[in-house]
Structures are given as structure tokens and as C-alpha cells.
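So the structure is just underneath, and the comments pick up after that.
There are 4 protein chains.
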Amino acid sequence: MGSTYGENIRLTVFGQSHSPAVGVTIDGLPAGEAVDMERLRAFLARRAPGQSALTTSRREPDEPEFLSGIKDGVTCGAPLTAVIRNTNARSQDYEAAKDIPRPGHADYTAWIKYGEARDYAGGGHFSGRLTAPLCVAGGVCLQILEREGVAVRARAVEIGGETDERAMEAAILAAKADGDSVGGVVECVVTGVPAGVGDPMFDGLENRIAAIVFGIPAVKGVEFGEGFAAARLRGSGNNDAFAVEGGEVVTKTNRCGGILGGISTGMPIVFRAAFKPTPSIAKEQESVDLGTMRPAALSVRGRHDPCIVPRAVPVVEAAAAIAVYDALLSRKKERG
Amino acid sequence: MGSTYGENIRLTVFGQSHSPAVGVTIDGLPAGEAVDMERLRAFLARRAPGQSALTTSRREPDEPEFLSGIKDGVTCGAPLTAVIRNTNARSQDYEAAKDIPRPGHADYTAWIKYGEARDYAGGGHFSGRLTAPLCVAGGVCLQILEREGVAVRARAVEIGGETDERAMEAAILAAKADGDSVGGVVECVVTGVPAGVGDPMFDGLENRIAAIVFGIPAVKGVEFGEGFAAARLRGSGNNDAFAVEGGEVVTKTNRCGGILGGISTGMPIVFRAAFKPTPSIAKEQESVDLGTMRPAALSVRGRHDPCIVPRAVPVVEAAAAIAVYDALLSRKKERG
Amino acid sequence: MGSTYGENIRLTVFGQSHSPAVGVTIDGLPAGEAVDMERLRAFLARRAPGQSALTTSRREPDEPEFLSGIKDGVTCGAPLTAVIRNTNARSQDYEAAKDIPRPGHADYTAWIKYGEARDYAGGGHFSGRLTAPLCVAGGVCLQILEREGVAVRARAVEIGGETDERAMEAAILAAKADGDSVGGVVECVVTGVPAGVGDPMFDGLENRIAAIVFGIPAVKGVEFGEGFAAARLRGSGNNDAFAVEGGEVVTKTNRCGGILGGISTGMPIVFRAAFKPTPSIAKEQESVDLGTMRPAALSVRGRHDPCIVPRAVPVVEAAAAIAVYDALLSRKKERG
Amino acid sequence: MGSTYGENIRLTVFGQSHSPAVGVTIDGLPAGEAVDMERLRAFLARRAPGQSALTTSRREPDEPEFLSGIKDGVTCGAPLTAVIRNTNARSQDYEAAKDIPRPGHADYTAWIKYGEARDYAGGGHFSGRLTAPLCVAGGVCLQILEREGVAVRARAVEIGGETDERAMEAAILAAKADGDSVGGVVECVVTGVPAGVGDPMFDGLENRIAAIVFGIPAVKGVEFGEGFAAARLRGSGNNDAFAVEGGEVVTKTNRCGGILGGISTGMPIVFRAAFKPTPSIAKEQESVDLGTMRPAALSVRGRHDPCIVPRAVPVVEAAAAIAVYDALLSRKKERG
């Protein structure tokens, strides 16, 4: 289907880069959950562009309007819909992409899938712009989770192959100077999730988190705990020993990333998402004119992020919050 | 929910390691699809244990019985259920695990989630045994896909940190000699998928494949195309240039793993899954007695694989086949 | 979950009677389907209030704004969201209902379910106002279906126990004069559905249609073909004989309402929905003050329809169109 | 999809009349729920044929085997699968139906939908035989519900147009003597459901119950409370007055069938299902030979029920139990 996620809450992210608005509809949110708009705005601001030399100079206010599901700042049990108007769109910047798909983008696959009816302007529904309503949904979930003692924190741990913060920044600026871009890795840690959250097989926490995190544009890999590094360890070096601490079972290490058999151990949930370098670059690239089916050179103009990773950090938090809250609701059902 | 997967076909894998049977129920398979039982048996045999010194000496016949959904060797449109009886179970081998959870296993999380009612014998529903019915479902999908020109091939590309075949084998045998285990990486390539399969955001091919592959026990990471390595490339080095070949749009490289915006480009779909080392090892480990909440040493007895990766290869193919076939059915709906 | 429907298209109806807007989000609509806004408006006008002495004098413009999923009047493959602003709300009319639930309404059950956080004004999410976005979704489906040769037509066949058109009208006016209300029965006929649409058991056409039609406020019964009258026939009098007509299999009668085993026969699909009398009446009724838990008399003020049936006719068409179109998409998937 | 139902528990009914077995797979059942096999057998016996002159003389043992999900008589949290072997099949009785569809049956629509691959013997997946595994699932839910104080009781309230018990029996015997059949109405009452169960719009109790009850073969109408009769009442005569009784809000009457806005009021839930007369009758009927597309007379041989209603009573209870339990789980999630 595409843009719908969740088992206990069901959210659909809608909108295109240049449609009247982007937004999100969430069915299944319990009634009585307060939404602090100031804090939500502050969370959205972390994703917004135009904040520094490291990001695009476009400015989007990202002011969400809640059309339904909220009464006096509290969820009322009915489906919640929030929209963000698209105001600062310079659609002419993207018109070139209509016939000449940008390498690394969904332009070509959207054309194959939807044909001439596709909305190509600015990447349409595939635009990074759609992470704004995802952050609205995630921001609401983060506030609910916080009241249940769950915290979600992400950060960039690698950019352009660098892991030191200054080196990361330098890598971005160097790529920008070259009309190029760099990728990176975001690590996310979720604390306070009680043991027993998640389900076996296809609804494990890993499956649920991966299923939403791969929905963030540019993510090409997701790993939990030691992840790919675990494949190089021996069992004796990877297994986390159990111990008792304060009357509770804990693991002495957390190489499993807080998840065994898809279910939380009670230790922090840890995962990393790999972001490819932003495909929109000023450097000339080889493409094809889909009208004539002949080769065509392409240089992507417009204001683009040389690296999406800094702005992606809150998006990863939002995605994790949604997945974890949805899994928590399943747990409540069993216990209820 | 847990053990249910799919949008257009919906399959539920059922059974525990020591229940009367394991099996799979699939709703939504089209009528008229032939199932070659000989080939299905040959496929299942690749997953079966007892084949060499590299795997456990347990022998399971893995002979599926089709209870419904098949008539004269052809799907009839009704839900398909196939079961494999559990015959070679030595439940006493696992009885020790009842109160002392094995590090790296789901024993502890299952206890927290299901309490005393859990089926602990042999890992219950979390056992690798459950990959047998997954392979039945995947084997059926593989045969259907083959008739549509789609082939799925996986192989171990890394074991115990080694990438050379002999070195991989040596790593397994060395671990076995030490009463230890090793992990590895399986790479899977799906060819013949036409461009345009997959959906945006949460139902992209990456999301769909990750959501099922993380359901294979021991998988801790999934990446597509260059995956985590892409995070270290620049956009100019990671973007795949478009070209025209034989009247069709192709990409000159395939660093995106055949997927852009969640949708197939028509190039091979390539992904890798990281398997942690088998947690069941003979070496003594630290655990906790859940009855007394006191430390307890544990040495996992029984016949276990020193490395699950060789047997996991067909399981990854099965999982990929199910995910790709399900996505293909969505495509047919749009085109119909 | 509540306000989400569909297998192949998934729609969520959102909004409350007095929230900023009501609307609908639809994921899964194929790209390339034209939406004629003039015809959609005309369809919505059939549901709108204020049209005659038979309906409430409130006037709502019901002008939908499409926020996403449409480009140049054609679906683009991305989720479609349409909203209708709530402008003509006189919330003070309903304030009395806050503590004193209106008999026959969801006021009491909403209070029990959502507590103080519920949106009580005008019935909140349970208001008949929510049938407006349902009609937007249905109106889009009706236009698509029409291009596939499928037509959906409903009409009131009984009001206040009367089946003659003038008598129906008289019954409504008499009830209005008494500060009372009447119910009725809407019959819907869907023609042009090819044989073979629908699925066995729980996704038969009957199940699918009932599952959405019971979502229309005030519907308390749904029957297909002869329905409850069939229970009084003998098999020989109820079975529809098969015959060949123009090279096609037809049934000589259509007592089954065009559905056998949940699947369309190719004959018209016929169903009826029973609407209870509008619960909002001026006559004094017995209720309870939920604050004091003491008896309280209630006379519902405000402008209410003495009979909802005339305005419900297009809503039934909309619901039927959504259900039939969703089932048709399943059929395409099988055939693709 | 077809044979899959449920939001919080997800069950798939599988099998054909003459496949090796029929059965049911249920994912999502909480762990720790005891299943009393003796009581389950007794419940299934109420549905079994061969009990009196009023039903077919075929005898099926209906002995369910639990393949998974149960340990020591208690659910263990893993998916539950139960199968009933098909033993007493006389497939030659039905061979005539291969080319000549029985009027009133799904033979023709199955042929259109699945083509030559369909399993025609005994009606295949459309057979009333499939209500046996539905009763296994419902029987398990009934036992869980009972522990929560919920009771489900159905009874035949009308057969062949008669409402007196002796007259009903006489109507069946008269139809049998004529080689004909009669239909009837089953009423079901669910007591003990607390107020607040059910969801708005498309997941109301009415929608959920109708969506499963229309999955019982031969059901052509479902109504709640006064149902179609409510359409003939005035609002003042149909609204249920609220009152306080023992500190709780009750309604003085229960014309709404215990449901307002899709949500339980706390009063008994009351619904009726209309069953058409069994289509399998000895009387000669007009059909078509699908091979030659020429008219063909048909007299259905074999041992058929002259009236399915008596055996359908526990099936309605089973369906209601599944729907109500599934809705109750949603309620727990909100409250958890």
C-alpha cells in the first residue's frame, strides 16, 4: 500500500513536495493524551532546514495544524490529522527532472510505477519533505512515551566516514564545496522500555523498527546491537551474560541491542541506520531523457543539503518512537 | 501479533520446537499455481540438519503434508496449510533451560512475556525449527516466481570474519572444536523483478524484505546494495548513472541494490543479512536461575550447529521470495 | 481501531462535528484516475442539509479541498487527503449533552470509552457530519467504477413504515410536527460487477458491504437479496435457477442479491439497510446526569433532521462504491 | 483475502470439504488461557451432524487435534493451530456438481473465480464443513469470555416462517418429506460485556459481528436490537431511556441491542441472523452444463440437512464469541 504503518495505531503519511499540504492521519491513539504544542514545535524545528551552513537554505515554517483528534490540547480518541502547508516551493527548480530522472532518486521508479500521472515536482511523495509529518506523529508518540518513562535519543555517529564531530562537519563542508554530498550513520538508543515488549517472528522489535526506519528516504541499512559486527564474533564473545541487579534480571553487556527473539530484554534498545549520501548533487551526472530515450547529462540545481544526516536525527527518533509505542500497545493488550 | 506476514498473501507460521507439528497457513495464494513436491522437498533438504560435519547431527525428515489449499498438485484458491510433524525431539536436552535462560536466546524474554505458560522446550516458538515451515511457504513462492522469470539466489559471503570458502569452513570447525560458535553474512540476489515493484515509504521493497528477514532467528542487520558502505561514499560515487540498453532504461552500476524510493529499478535486488553466532554453545556461561533469582552457570548441551549460516541460506531465499512475491501481487492489482 | 476501512485501498475518516475540519485519507488508490470535481460536488450536494422542508435547515457548503494525492485533477498514486472545513457550527446547541447523554446517541458510550477527553460537541466523531468525507471517498470510487461499467444506485424504499413516496413524505412531516422522527430502509443496487468479485468466508461481498454500511450512523440491519424474507422461503422457492443467455451464465431470478458464497454472480448486487429513527428529537426524554448520577429530562434542541433517510441515500451509495471497488481490486490482483 | 478475520487475534479458517483436513490457525491469543477439551468437544458436538431426524445422517467425529499453541492444556502465546481430519467423505456424491453448478450454491462463482483449479468436491472451501474449525476457534474464545463474565447464547427463533418450537420441527420434516428445505432466523444474546467495548465507524460491534456472521454459509441478513423493525418506529418509541440502577447507568429498554455508536452500552448485545433455506435439495432444479453451456437439470443427491438452522446455532455463538473477544482485546489495549 505504501504510506501506512502500524498495528495498534495506524498512521498514513500523505502529501507531495508541492501539493497544498503534507500531513499525517493517525487512527487508534488512546484518548486523554496531552500534546504540548510548544515541545512539538521545538522537536519539528530540529528537522527543519535553514539552520546552518550544513543544511539547505530553504526555510519551511513546519507549523502543524491539527484538524481533528485533539480537543483542548488532549487526544479525544478520534483519528488525529495534522497538516503542514507547503508554502516555500520553487517548483521551477525541479521541472528539469520531469523527463530526466535524477540518479539515486525515485524519479525513474515513480515514472515506471505511476506513469505520466506521477507528481514529479520536488520528488512528489518521495520527497524528504514527507519526514515533517512523520515527525509530527513521532513527536506526539515521544510525549506519550516520556510519560511512561521511555526516552528516545539519536545522534549522528558517522558522517562521510568520519566519527569525530569536527571531522564530520569538515567532511560535509568539503563535499558542499565540491558540489557533492556525503552520507552517514545515525545511532538511536531507546531507554525505559520494560522487558517483554515486542512479538515473535515478523513483529519483533527489529522487524517493526526496520519496517518504519527503511521508510525514511536514503536509509539503506539497519542493524541492532552489534549488528554486522556480531557476524564476526564468536558465540562466547557475543552472548550477553545474565545477572541479577536490584532484584531484576539484567544482562552484563548489551551486544544484542536490548532485543532477544524480537522481544525487549529491559536493557536499552540500540540500533543504527545507514544513510546514503544525498543523491541531489550539483556535479554533472549521466541520465536518460525518458521522452526521447537518449542519454542526457544532468546537474541538479536548487538548494539541497550536502548531507541529510544532521536533519535525519530527529526523524530517526520519530520513527523509533512510533514503532516502540505501537509495540507497547500490543503489550498492554496482553496484560490488560 | 507476531507470526503473521504479508499484505496480499497472508501467512502465519505456527508450531513450537516440541509441539506435535510445525507448519504454515497461507491465505490469498492465487488458484492454478502448480507445486512440484519433488522440488519443494529438495529445497527443504538444503535447510535440513545432519548433512555434514558443519551442522548438527540431528536428523529431521522435514516432510510437509499439505492439509488444504492444494488439489492434484495445484493451488485451488483456498487457504493452504502445510504441516511438518515433530518426530526427532529429545526434550530432556532442553529441560535445563526451563529456569536458567540461555544467554543470547529468547528464553528470558519469552518467560517475561508469556510467564509460566510459555513453551520453553527447545526454544518453543522461537526455535530455528520454525524456519522449516517458512521454507515451505517460500518454496511455493519460489516456484511461482520462477514461472514469472524471477530467480532468488543466496549464499554465505562471510563466516567468522572469513570470506574465502575454505577459511569459512575452517572457522566453523575451529569454533566447534572449542565448544563455541561463529556467525556470518548471507547475501541474496533476486533477478528478473521488473521495474516498478514495491511501494513508497513503509511498504518499499527494503521495508518488506527487512520485515520478514528480521524474522529469521539470529539476524541482527539487513542492508541493501552498498548498505552501510554507502554511508562512507560521496553522492557522486554512490549514485547509479542511468543509461539506455536494448531500448530499456538501466543503471550502469547497481549500488542501490536495485531499489530506489522503495521501488525496483529492474536491476538485480541485492541485500545482505548479518547472522550473529549461534547462542547455543557448550562453553560455560553466566546466567540466572529464574526460580531463585540467583546466579547460575550454564553449558548448553544437545546437538547444536556451530554455525547456523550454511543452513540459513535457503531460509533467506524463502523469506526474500515471500516478500518479493507479495510485492509483485500489489503491482498486479495496480496494473490489472 | 475504528475509522479505517479497506483491504486494497485503505481509508481513514477523520474529524469531529466541531473540530476545524472533517476529512478522509485514502492510501492505495491507483494513479491515473481522473476526479471530476463538478460531479463530485453534485454528489456531495445530495447529502448536504438544508435542501427542503424534509431536512435540517443547517447549511454546510461541503466543499472539499484536496490536500494531496491529486495532480491536475488526476490521482498521482500518493495517498489522497481531502478535507471539508467546519464553518457553520453552533456548539452551544449541543453543550447540554455534555453531562446528559441523548438517548439513542453515542454520547453515553463515548463518555464510557474516552472519558472526559471525549469531544462531545455535536456528537464529536460520531456525528452524521462524518458521512460527508465518506461521500468524498465514495464519490471518487463511484467515478472510477463508472469507467469500469459499474453503476451504484440507492433509493429510500420505506420511511416510517410507508413505501409510497407521498406517504413517506407525509410521515416525515407528521413526525416533524410532533417533534419526533422516523426511520426507514434504503435499498441499493450495484450493476455491472462482473462475476467472480468477492472472496470466501470473511471477505465475501456481504461481509465487506456490511462492514462499511454498519459504519453509517443509525444503520441497525443489513440484508442481501431476499434477506430476512429468504428465511421464510423453501429452497425450491429461493434458489435461483441457472440459464444461458447470450453465451453467458445468468440466473433467471436474483433472490440471492447477486452474491453466492460471498462472490458476485454477475447479476445486480442488491442490499437493503435499515435506519433507525433519528435519535435527536424535541420531545422530552428520560436521561441521566452523568455528573450527579441522577435522573434528568432532556429535550434535544437545535436543527435536526426529522428523518435521516433521504440524506442517507447517497451515503449508502458511497459506502457500497468503496466496498465494491476494494473487492474489485482484489480480483485484479488474482487476474493480473 | 477471504478466510482471515480479526484485529487483535487473527484467525484463518482452512480446508476443503474433501481435503485431508479442515482447521484453524489463530495468531495473537494471550498466553495462559486454559482450554477445557471436554467442554470444547461438547460444544463441537452441538454442531455435528447425525444427531436426529432433523439433520443429515452423515456422521463426522469432529475431533480436533491441536498441533501448536497449547501446552499442558493452556495457551502458550504461540499461534494455535487445530485440525479436524476429513474421514467420512463420499466424494462421488458430489462429482455431478463439477460441471453442473447447484443453484443457490457457490459452485458457479467458485468456477468463475478459480477456474478449473477449484476444489469442487462437496463445495470445497465453501462447504458448511468449514464451520467446524470456526467452532473450534469460537469454542476457545467462549471459554476465555466465560472467565471474564461474558456469556453467549443463541437459539433458533424462526424456522420455515414458524416461531413455535413444534411448528418449526414440523416445518423441517414437511420440507424433508418434499425433498425440499427451509430456512430460519437465529437470535444471539451476549451478556456481561462491559460498557465501552467496540470502536466508532467501521469497527463498531455491529460491523465486527456482521463481518464474521456473514461468513457463515447461508446467512443473508444481520440485524441488531429492533433491527429492520426499528425503521418503522418513531424516535420517541425507539430511543432507550437512560436510568441509574445500582449506581450504574442502564437503559430502561434495549431496542438498540446493547450498542450505541458501535460501542457497548453494558446491556445485553442482541442480534439476529437470517439463514436462507439449504440450497441442496432433492427436487429437480434448472442449471447449466458449464462444459457445453447448455441447460441441464439437477437433483442434488447425498445426505443433506433439510434445514441448517439447528446446527447453525452454535456456529453463530462461535462467531459472536470471536468478534466480541477481539473487540474486548482492543478495549484492554486502551485501558492497559
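Residue numbers (my numbering), protein chains in the order written: chain C, 609 to 944; chain B, 609 to 944; chain P, 609 to 944; chain Z, 609 to 944.
Virtual Cβ for every residue (Gly too), placed ideally from N, Cα, C.
| Query | Result |
| --- | --- |
| Distance, residue 922 of chain Z Cα to residue 794 of chain Z Cα | 10 Å |
| Distance between residue 649 of chain B and residue 856 of chain C (C-alpha atoms, nearest Å) | 46 Å |
| Buried or exposed (CB count within 10 angstroms, at least 16 for buried), residue 860 of chain Z | exposed |
| Own chain partners of residue 892 of chain B with C-beta closer than 8 Å, once the 5 adjacent residues on each side are dropped | 905, 906, 907 |
| Listed by chain order, chain C residues near residue 638 of chain Z by CB distance under 7 Å | 942 |
| Segment limits, beta strand (DSSP E) that includes residue 739 of chain C | Counting along the chain, residue 739 of chain C falls outside any beta strand (DSSP E), though it belongs to the alpha helix (DSSP H) covering 739-755. |
| Residues near residue 741 of chain B in its chain [Cβ-Cβ closer than 6 Å; skip 5 each side] | 621, 630, 631, 632 |
| Contact with chain B by residue 713 of chain C, beta-carbon distance below 9 Å | yes |
| DSSP-derived helix/strand/coil call for residue 891 of chain P | coil |
| Simplified DSSP state of residue 808 of chain C, which is helix, strand or coil | coil |
| Host alpha helix (DSSP H) of residue 774 of chain C (start-end) | 773-785 |
| Residue 646 of chain P burial status per 10 Å Cβ neighbour count (16 or more: buried) | exposed |
| Spatial neighbours of residue 716 of chain B in its chain, beta-carbon cut-off 7 Å, leaving aside the 5 residues before and after | 709 |
| Residue 781 of chain B versus B:902, B:848, B:916, B:644, residue with shortest Cα-Cα distance | B:916 |
| For residue 637 of chain P and residue 673 of chain P, the rounded distance between their alpha carbons | 17 Å |
| Residue-chain proximity (residue 627 of chain P, chain B), Cβ-Cβ < 9 Å | no |
| Closer than 9 Å to chain C by CB, residue 933 of chain P | no |
| Beta-carbon spacing of residue 838 of chain B, residue 830 of chain B below 9 Å | no |
| Contacts that residue 598 of chain C makes with chain B (C-beta to C-beta distance below 7 Å) | With chain C represented from 609 up to 944, any question about residue 598 of chain C goes unanswered, as that position is not in the structure. |
| Opposing strand residues paired with residue 613 of chain B [DSSP bridges] | B:619 |
| Rounded Cβ spacing between residue 845 of chain C and residue 886 of chain B (contact assumed at less than 8 Å) | That pair is no contact at about 13 Å. |
| Close Cβ partners of residue 750 of chain B (< 8 Å) along its chain, the five nearest in sequence each way excluded | 651, 760, 925, 926, 929 |
| Within-9 Å CB hit, residue 710 of chain B to chain Z | no |
| Own chain, CB closer than 6 Å to residue 635 of chain B, minus 5 neighbours either side, in chain order | 618, 687 |
| Inter-residue spacing [alpha-carbon to alpha-carbon] between residue 762 of chain Z and residue 797 of chain Z | 6 Å |
| 6 Å CB neighbourhood of residue 768 of chain P in its chain, flanking five on each side removed | 779, 790 |
| Residues sharing a beta bridge with residue 903 of chain Z, DSSP | Z:896 |
| Within chain P, partners of residue 616 of chain B - CB distance below 7 Å | 941 |
| Beta carbon of residue 788 of chain C nearer than 9 Å to that of residue 890 of chain C | yes |
| Bridge partner(s) assigned by DSSP for residue 690 of chain B | B:632, B:674 |
| N-terminal and C-terminal residue of the alpha helix (DSSP H) that residue 940 of chain P is part of | 917-943 |
| Contacts of residue 898 of chain B in chain P (Cβ-Cβ under 7 Å) | Here the premise fails: no neighbours, minimum Cβ distance about 36 Å. |
| Residue(s) in a DSSP beta bridge with residue 871 of chain Z | Z:868 |
| Neighbour-count burial assignment, residue 695 of chain Z, 16 or more Cβ in a 10 Å radius | exposed |
| CB-CB length for residue 832 of chain B against residue 867 of chain B, believed under 8 Å | 6 Å |
| Residue 881 of chain C versus residue 770 of chain C: straight-line alpha-carbon distance, rounded | 15 Å |
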